[in-house]
Ligand SMILES: [Zn+2]
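Structure below.
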């Protein structure tokens, strides 16, 4: 298994709510990565308008792949993934 990127080697961006576009949010949790043990903490916030919970700041689109090893399940194929990233253009 290859190693995912460290937290500090990734470019981060602050974002508005990906569902409604609200820029105000409230921090609700800071946590570490328990699956791949990526160093550092990740911040979850709750949108002040629609209450959606999302990662903020988040890795940029160009860097998000660095968090996942080559053997990460969805990268192995074998099906049509129904998931998509909401609100990223
Ligand atoms: Zn929202």
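Numbering (this note's numbering), first residue to last: 4 to 92. C-beta: ideal position from N, C-alpha, C; glycine also.
| query | result |
| --- | --- |
| The beta strand (DSSP E) spanning residue 31 covers which residue range? | 28 to 34 |
| Would you list the residues sitting across from residue 62 in a DSSP beta bridge? | 15 |
| How many Å lie between residue 38 and residue 71 at the Cα? | 10 Å |
| Could you name the residues that DSSP lists as bridge partners for residue 45? | 34 |
| Compute the Euclidean distance between the alpha carbons of residue 96 and residue 58, then round it to the nearest angstrom. | Missing from the structure shown is residue 96; the chain here goes from 4 to 92 and no further. |
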